[in-house]
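For what it's worth, my numbering labels the leading residue of the first sequence as 16, then goes sequentially.
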Amino acid sequence: MIKITLPDKSVKEFPKGVTGLEIARSISEGLARNVLSIEVNGETWDLDRPIHHDARVKLNTWDDSEGKATMWHSSAHLMAAAIEELYPGTKFGIGPDIENGFYYDIDLGEKTISSKDFEQIEQKMLEIARRKEVFVRTEVPKEEALAFYQDKGDEYKVDLISDLEDGTISFYKSGKFTDLCKGPHLIDTGPIKAVKLLNTAGAYWRGDESRKQLTRVYGISFPKQKMLREYLEMLEEAKKRDHRKIGRELELFTFSARVGQGLPLWLPKGAELRENLEKFLKQLQRKAGYQPVITPHIGNRNLYEISGHYEKYGEDSFRPIKTPSEGEEFFLKPMNCPHHCEIFKSRQYSYRELPIRFAEFGTVYRYEQSGELHGLTRVRGFTQDDAHIFCRPDQVKEEFTAVIDIVLHIFRALDFMDYSVQISLRDPDDMSRYIGTEANWEKAEKAIIEATAEKGLKADIVTGEAAFYGPKLDFMVKDALGRKWQLGTIQVDYNLPERFELEYIGSDNQKHRPVMIHRAPFGSMERFVAVLIEHCGGNFPLWLIPDQAIILPISEKYEEYAKKVLHLLKNYEIRTLLDERNEKTGKKIRDAETRKIPYMLIVGEKEEAGGTISVRKHGEGDLGTYSIDEFAQMIHREIDRMISAR
RNA sequence: GCCGAUGUAGCUCAGUUGGUCAGAGCAGCUGAUUUGUAAUCAGCUGGCCGGGGGUUCGAAUCCCUCCAUCGGCUCCA
16 MIKITLPDKS VKEFPKGVTG LEIARSISEG LARNVLSIEV NGETWDLDRP
66 IHHDARVKLN TWDDSEGKAT MWHSSAHLMA AAIEELYPGT KFGIGPDIEN
116 GFYYDIDLGE KTISSKDFEQ IEQKMLEIAR RKEVFVRTEV PKEEALAFYQ
166 DKGDEYKVDL ISDLEDGTIS FYKSGKFTDL CKGPHLIDTG PIKAVKLLNT
216 AGAYWRGDES RKQLTRVYGI SFPKQKMLRE YLEMLEEAKK RDHRKIGREL
266 ELFTFSARVG QGLPLWLPKG AELRENLEKF LKQLQRKAGY QPVITPHIGN
316 RNLYEISGHY EKYGEDSFRP IKTPSEGEEF FLKPMNCPHH CEIFKSRQYS
366 YRELPIRFAE FGTVYRYEQS GELHGLTRVR GFTQDDAHIF CRPDQVKEEF
416 TAVIDIVLHI FRALDFMDYS VQISLRDPDD MSRYIGTEAN WEKAEKAIIE
466 ATAEKGLKAD IVTGEAAFYG PKLDFMVKDA LGRKWQLGTI QVDYNLPERF
516 ELEYIGSDNQ KHRPVMIHRA PFGSMERFVA VLIEHCGGNF PLWLIPDQAI
566 ILPISEKYEE YAKKVLHLLK NYEIRTLLDE RNEKTGKKIR DAETRKIPYM
616 LIVGEKEEAG GTISVRKHGE GDLGTYSIDE FAQMIHREID RMISAR
């Protein structure tokens, strides 16, 4: 007998060799019907794999992410099986489960596959699923596995197996389809009741641009048809929050092919929104001891040779601008730091003056590959809410944590609580990608890790994601469709101060090298606004929104009174519009609701007589009658509540 | 940049196999209406069917090419 410990700490005895399915059945028939995989001492196993030793186990159902993963991984095999039947000769790459569903990378040779073919594949998948094909695990020696795929002519699998360690290699077979796979899988294809292929994409073999591009087919599956329907509805809902759609509807920004792709044009409402954000941060920065600086949009080639940007990005970036007679070369600035370094160099600093904090909403231009551009989140010209802190080595941690505080303050003010934090370190196996010494990198990475821990932030540590001059702490947020974007970033840099030979005079009257902290709490205004739009669905916080209120006169008769109210509210610094159109009140309300204006102020006979306004709140409805003063106080209180740190 | 898809009025979309196919709703303009918490009525304007080239007696529709957009891949200072 062996002892099996369940998640609730209860211990049950089973005969040696008991399987997950048998454990589930011993608990209840219902669980046995719904269980998808089992975790044995933290490792996910097939339900029919015998357990020979005492173990902690957890039974995974659809409600566990591990259960979904098992389902989706098996669904990837199911899709591959369907594709192999429909398109004989297809070669298969990899087919994992992902956060929402699964994909399989396939090579169809001369054939192509597109969304038109999806239905046929889905039908075939369901047909196979209904047969309840059992997933059979077999283990074979490496040579045998290689021979199998060499025979089949599938060079991708051969490539995969060649990289595996010698020994036995596991295969899973269900029906006619056999696949190299370490598992685990469902018992059989039965639980897969609903499938939907979502899209296709080109994907380089092993993520390497220089290798062949395979066709990646994305799909998702569910144990119930209803769940699929709900998932598709959810996707539709998410599309409604897409910043590109809302940006157009609310007239925030646009693009023009004539101006150039990836170059956003901010419309008046969008510009006002952005200015409100900038004002907010400028105020915060002034309090935190930042000094504004302003630098030009281009810089001499020499500047970027010193910073290392030229070597790193010169060839892949915009071409230089040349002066006609002197033959000088200038680049559109890709970053503000080199300019700020030169500002620091413009005079001598004492250790007593540090830290020096230079802040600039600096617009930068980067060549992004055309296929990478995406609304406001990935553009070729954007404005960073940039600042560079030049400090003494002993001030790094304190300055770093102070920046974290600013980022978190902003996130709170915008009710932006669903973010993740990532520490990006260098790739120790490929130091050629970076500038600077080992010792400097170690110091910088240590500073970030310690400061982050001190602030109690739970950060994922990712190697190989650092900037070329230093490690980063990034704040990431998901968009409406679940894609992750980097917003705020804080970077510790020992390298650029060396390259620019930055110095300050220490208490010992000697020259010392400062440390630089690069930081941008929003990241870029463009990307931040994009994510903000999707976060609030265009219903911006009251303090930020361009138009806070709109006056809706019942008829032309009350226009004079409406103008008086408008004047009063403007004196209260409430951003107010007046709808003077010759329309019925219902229409004006509908339009104001569509424009997502927070407050609608209806004025007619009653209001004019009493010197009041009828207040309707966006998305909520009639709030009743207020005096102008009362309303103004209410607005200001609401705003204060939002922007004061909670 | 690569793979795949898409491109018809400002916006959202119809347009059958190439042959009155240049359409609708909203928006806009002009009038009428003087309006009380999500759409008042009527009339009108508006499109080189993304650009260019080709096939054809004839192209929004088929082919090539360029541009832009969308979904991924790669990249992201």
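The C-beta atom is built at its ideal place from N, Cα and C for all residues, glycine as well.
Burial check for N317: the Cβ neighbour count within 10 Å stays below 16, so the residue is exposed. DSSP, reduced to helix, strand and coil, places E620 within a helical segment of the structure shown. In this structure D508 touches G485 by the C-beta definition: roughly 4 Å separates them, less than 8 Å.
Of the other Cβ atoms in all chains shown, fewer than 16 fall within 10 Å of the Cβ of H68; this residue is therefore exposed. A straight-line Cα-Cα distance of about 15 Å links N554 and R631. Per DSSP, the unbroken alpha helix (DSSP H) holding W87 starts and ends at 80-101. Of H533, E114, I128, the smallest CA-CA separation from T105 is found for I128.
Assignment of V394 by DSSP, reduced to helix, strand and coil, places it in the coil class. Taken atom to atom, the span from the alpha-carbon of G110 to that of K167 is near 18 Å.
Bridge partners of I235 according to DSSP: K211.
In summary, M94 is buried, with 16 or more beta-carbon neighbours lying within 10 Å of its beta-carbon over all protein chains present. In terms of Cβ geometry, P512 and R534 do not form a close pair [threshold 8 Å]. Residue pairing by DSSP puts H527 in a beta bridge opposite Y519.
Under the DSSP definition of a beta bridge, H533 partners with H403, Q506. In this chain, D181 is not harboured by any beta strand (DSSP E), its DSSP state being neither H nor E.
Annotated as proximal: V436 and L472, with beta-carbon spacing under 8 Å.
Judged by DSSP in its simplified three-state form, D174 adopts helix.
Secondary structure at R631: strand, using DSSP grouped into helix, strand and coil. For E480, no pairing in a beta bridge is given by DSSP. Under the DSSP assignment, S52 falls in the beta strand (DSSP E) whose first and last residues are 52-55. Pairing V55 with M432, the inter-Cα distance amounts to about 34 Å. Residue range 58-60 is occupied by the beta strand (DSSP E) that includes W60. Under the three-state reduction of DSSP, W281 is assigned to strand. In the displayed model, Y449 falls within coil according to three-state DSSP, outside both helix and strand. For D430, the secondary structure class from DSSP, reduced to helix, strand or coil, is coil. Each residue's CA atom was taken as its position, placing G634 and V422 some 30 Å apart. Contact between F117 and H88 holds: CB atoms are separated by about 6 Å, below the 8 Å threshold.
Linking R381 to L347 through their CA atoms gives a straight-line distance of about 8 Å. Annotation for L229: G108, D120, I121, D122, A218, W220 place their beta carbon closer than 7 Å to its own, counting only its chain and skipping 5 residues before and after. Collapsing the DSSP output to three states places T467 in a helix. Within the stretch 99-173, the complete beta strand (DSSP E) runs of at least 3 residues fall at 116-122, 151-156. If you draw a 10 Å sphere on the C-beta of T153, you find fewer than 16 other C-beta atoms in it, and that means exposed. The Cβ-Cβ distance between G277 and E344 does not fall below 8 Å.
Beyond the five residues adjoining it in sequence on each side, P307 comes within less than 6 Å, by CB distance, of A374 in the same chain, given in chain order. Each of E541, T609, G625 was checked against the Cα of L282, and the nearest Cα belongs to E541. Distance from K254 to E137 at the Cβ level is roughly 21 Å; contact not present, criterion being Cβ atoms closer than 8 Å.
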